[in-house]
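> Per the UniProt record's numbering, the sequence shown starts with residue 1, numbered consecutively.
Yeah, the Cβ is synthetic: ideal placement off N, Cα and C, and Gly gets one too.
All values derive from a computational prediction rather than experimental measurement.
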Amino acid sequence: MYLSRAEEPLPTGDLGYEHYRRIHHHLFQDVYDWAGQRRSVRIGKGGNWFCYPEHLSREMHRAFSLVDPVLTSATAQNFAERAAILLAGINAGHPFREGNGRTQLAYLALLAATIGYGFNQDMLDPDRVISAMIASFSGELLPLTQLISDLIRNPG
Numbered sequence: 001m002y003l004s005r006a007e008e009p010l011p012t013g014d015l016g017y018e019h020y021r022r023i024h025h026h027l028f029q030d031v032y033d034w035a036g037q038r039r040s041v042r043i044g045k046g047g048n049w050f051c052y053p054e055h056l057s058r059e060m061h062r063a064f065s066l067v068d069p070v071l072t073s074a075t076a077q078n079f080a081e082r083a084a085i086l087l088a089g090i091n092a093g094h095p096f097r098e099g100n101g102r103t104q105l106a107y108l109a110l111l112a113a114t115i116g117y118g119f120n121q122d123m124l125d126p127d128r129v130i131s132a133m134i135a136s137f138s139g140e141l142l143p144l145t146q147l148i149s150d151l152i153r154n155p156g
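1) Apart from the five residues just before and just after M133, which ones in its own chain have a Cβ nearer than 6 Å to its Cβ?
2) Where does G13 fall in DSSP's three states?
3) Please name the residue or residues paired with N48 in a DSSP beta bridge.
4) Label M1 either buried or exposed according to how many other C-beta atoms from any shown protein chain fall within 10 Å of its C-beta, with 16 as the threshold for buried.
5) Note down the Cα distance separating P69 from I130, rounded to an integer number of angstroms.
6) If we ignore side chains and look at the alpha-carbon of each, how far apart do Y32 and Y17 end up?
7) When the distance is taken between beta carbons, is A88 closer than 9 Å to L10?
8) Can you round the beta-carbon distance between V41 and R97 to whole angstroms, since I take them to be within the 8 Å contact cut?
9) Can you tell me whether R153 is helix, strand or coil according to DSSP?
Spelled out as structure tokens, the structure:
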């Protein structure tokens, strides 16, 4: 189940799309037999359609091409801005039928840890996360940037 798997170390990898899929599989392998597999059906929420499955591979590879700039961020603010662009792209793709949001947050924590930032789970407000992701869907990245900035802790 998700909570017990979430307490285990996440799979290691290069933080690319295949690694992201392994993270989803890790978190949801006990819940969905399709965990980690790209969805093959069209889905949407709140009147917005996510990327059509026939374009998912291309769009996810495009989104994950932004990983290197995120990892070379010079400041926490720069990290938050770049990570917001990356997460907005991943969210717009929504590569899985379920579990996208939880996988995005686990991935964000892993990204932050990779360059020495902590991840303050106490600052996680599900309504704020959903609101920021909805705003990012229409290109408004400030709420997501601010959320990420609040969630990461500077090294030290």
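By the coordinates alone:
1) Here residue 133 refers to the residue found at position 133 of the sequence shown. Counting only Cβ-Cβ distances below 6 Å, and skipping sequence neighbours, we find N91.
2) The count along the sequence shown starts at 1 and reaches residue 13 at position 13. Correct three-state label for G13: coil.
3) Looking up residue 48 in the sequence shown gives position 48. Paired residue(s): K45.
4) In the sequence shown, residue 1 corresponds to position 1, counting from 1. Low confidence applies here, because M1 scores a pLDDT of 41, under 50, leaving its location unreliable; read the following figure in that light. Its Cβ having fewer than 16 others within 10 Å, M1 is exposed.
5) In the sequence shown, the residue the question calls residue 69 occupies position 69. In the sequence shown, the residue the question calls residue 130 occupies position 130. About 25 Å.
6) One-based indexing of the sequence shown puts residue 32 at position 32. One-based indexing of the sequence shown puts residue 17 at position 17. Taken atom to atom, the span from the alpha-carbon of Y32 to that of Y17 is near 19 Å.
7) Position 10 of the sequence shown, counting from 1, holds the residue named residue 10. Position 88 of the sequence shown, counting from 1, holds the residue named residue 88. No, Cβ-Cβ distance for L10 and A88 is not below 9 Å.
8) Here residue 41 is taken as the residue at index 41 of the sequence shown, counted from 1. Here residue 97 is taken as the residue at index 97 of the sequence shown, counted from 1. The pair is a contact, with the Cβ atoms about 7 Å apart (cut-off 8 Å).
9) Reading the sequence shown from its first residue, position 153 is the one you call residue 153. In the displayed model, R153 falls within a strand according to three-state DSSP.
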